[in-house]
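Numbering (the UniProt record's numbering), first residue to last: 1 to 385.
Working notes, structure below.
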């Protein structure tokens, strides 16, 4: 499939990869999620973030799914095998839902092995499933999931030549963008299909539709005043903060991880609001906030405090006429028509909209003669997803 959805090659790769998924595998994955009484999402880093955004939408939708995160304070056990019978008794069938491009992520692998051992000992195959989205169907996680659940193959971690200059990232993305963004699209499409009680073919249709619309959002973002403002601010010696609540928080964290590599290279730091290591802002620092409604009260309060301390604010919102947008120095509006209770595409589109930010920042720095450390030019070889 050669259809072009964006001027950025990695966005086109995502569309091709999503379009190439096996419909039978998608049907089996959708069935396991649909029949689950409770979902336990697992992943590491940004892969976990992409999954968390989608399952959060599954939980919030009308007749939503029960989702219990492994890190929740109320998780009933130190090991999955301890929690499994308790969760089964409370909610019914348990789905261990994993997102791992490599299929070797340590935390999900340990938990999957633990649950597989429990299933093997008890013979309770009908009560538990281990389901995986991965780029490596020969990986340890894939072997476990193929025995105790289902594996959906999503390309995105293919080997590419090492980058010698920043412009290469426009084609390949950075830090496993193609897999992470692609998996986020698929999980969100599944959430919409669940909401509609639709066939798997509808999830596939939604996934391709989301990619096409995300491409348009990216193109609008690339030429926006917002990008010019944020890139210019990030080039200066100042701290950068990201903030949001719920799914917006996950998007903020995912973007912060990518931007932090560059800011550290020029001697600065990136922080996420609400985390224990986050310092107080200083005059001239930048806060990038994300809010679908633009009216999130806690985020609005952060913005007021940040402005009082002399900081500047860039806001990504679904409504440019909102309270948060009115306080921002620059606004990127991503309007999404969304009926109450339906999974909200704003968060997926915002992931895509902010994904070129580190790439443009690297290009701008190199154009000014700043040579970045070699490890940054190997971003696409990350093995942590």
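Just so you know, even glycine gets a beta-carbon here, dropped at the ideal spot from N, CA and C.
Quick test of your reading: residue i and residue j, contact by CB under 8 Å. State the CB separation rounded to the nearest angstrom.
| i | j | result |
| --- | --- | --- |
| residue 218 | residue 330 | Not quite, the Cβ-Cβ distance comes to about 17 Å (not below 8 Å), so this is no contact. |
| residue 67 | residue 61 | Between residue 61 and residue 67 the Cβ distance is about 11 Å, and since that is not below 8 Å, they are no contact. |
| residue 97 | residue 70 | That belief does not hold up - the Cβ atoms of residue 97 and residue 70 are roughly 11 Å apart, past 8 Å. |
| residue 101 | residue 146 | With 8 Å as the limit, residue 101 and residue 146 do not qualify as a contact, their Cβ atoms being about 17 Å apart. |
| residue 40 | residue 251 | Contact flag wrong, Cβ pair sits at about 22 Å. |
| residue 238 | residue 286 | 6 Å |
| residue 364 | residue 235 | 6 Å |
| residue 267 | residue 284 | Rounded, the Cβ-Cβ distance is 15 Å, inconsistent with contact. |
| residue 185 | residue 144 | Wrong, their Cβ atoms sit about 24 Å apart, outside the cutoff. |
| residue 193 | residue 30 | 6 Å |
| residue 350 | residue 290 | 6 Å |
| residue 22 | residue 150 | Not quite, the Cβ-Cβ distance comes to about 11 Å (not below 8 Å), so this is no contact. |
| residue 94 | residue 133 | Between residue 133 and residue 94 the Cβ distance is about 18 Å, and since that is not below 8 Å, they are no contact. |
| residue 130 | residue 153 | Residue 130 to residue 153, Cβ: 16 Å. No contact. |
Closest by CA to residue i, which one among the options?
| i | options | result |
| --- | --- | --- |
| residue 342 | 87, 84, 76 and 190 | 190 |
| residue 156 | 180, 47, 93 and 233 | 180 |
| residue 47 | 260, 225 and 105 | 105 |
| residue 314 | 357, 332, 283 and 322 | 332 |
| residue 9 | 244, 169 and 85 | 169 |
| residue 348 | 324, 3 and 206 | 206 |
| residue 242 | 345, 292, 275 and 294 | 275 |
| residue 81 | 118, 173 and 65 | 118 |
| residue 24 | 11, 227 and 199 | 199 |
| residue 73 | 245, 354 and 83 | 83 |
| residue 17 | 319, 226, 28 and 177 | 177 |
| residue 265 | 88, 281 and 370 | 370 |
| residue 11 | 338, 149 and 353 | 353 |
| residue 273 | 297, 245 and 267 | 245 |
| residue 340 | 355, 63 and 262 | 63 |
| residue 359 | 193, 187, 319 and 228 | 228 |
| residue 107 | 152, 127, 115 and 44 | 44 |
| residue 7 | 223, 303, 125 and 280 | 223 |
| residue 312 | 27, 49 and 282 | 282 |
| residue 212 | 233, 226, 182 and 240 | 182 |
| residue 91 | 79, 142 and 36 | 36 |
Which partner residues does residue i have in the DSSP bridge list?
| i | result |
| --- | --- |
| residue 312 | 286 |
| residue 200 | Bridge partners of residue 200: none, in fact. |
| residue 38 | 66 and 94 |
Check residue i in the structure and name its three-state DSSP category.
| i | result |
| --- | --- |
| residue 43 | strand |
| residue 176 | coil |
| residue 19 | helix |
| residue 5 | coil |
| residue 380 | The pLDDT assigned to residue 380 is 49, lower than 50, so where the model puts this residue is not dependable, and the model offers no usable value. |
| residue 224 | coil |
| residue 194 | helix |
Can you tell me whether residue i sits near the ligand MG, meaning its C-beta is under 8 Å from at least one heavy atom of the ligand?
| i | result |
| --- | --- |
| residue 48 | For the ligand MG, the structure offers nothing, since it holds no ligand at all. |
Enumerated in chain order, which unbroken segments of the alpha helix (DSSP H) with a length of 4 residues or greater are wholly contained in the region 129–158? Complete alpha helix (DSSP H) runs here, min 4: 140–148.
Taking only runs of the beta strand (DSSP E) that begin and end inside the region 52–130, which ones reach a length of at least 3 residues, in chain order? 94–99
Hey, which unbroken runs of the alpha helix (DSSP H) at 4 residues or more fall wholly within the UniProt domain "SIS" (230–375)? Annotation note: the UniProt domain "SIS" (230–375) contains the following uninterrupted alpha helix (DSSP H) runs of length 4 or greater, listed N- to C-terminal: 247–265, 297–308, 323–327, 346–354 and 357–367.
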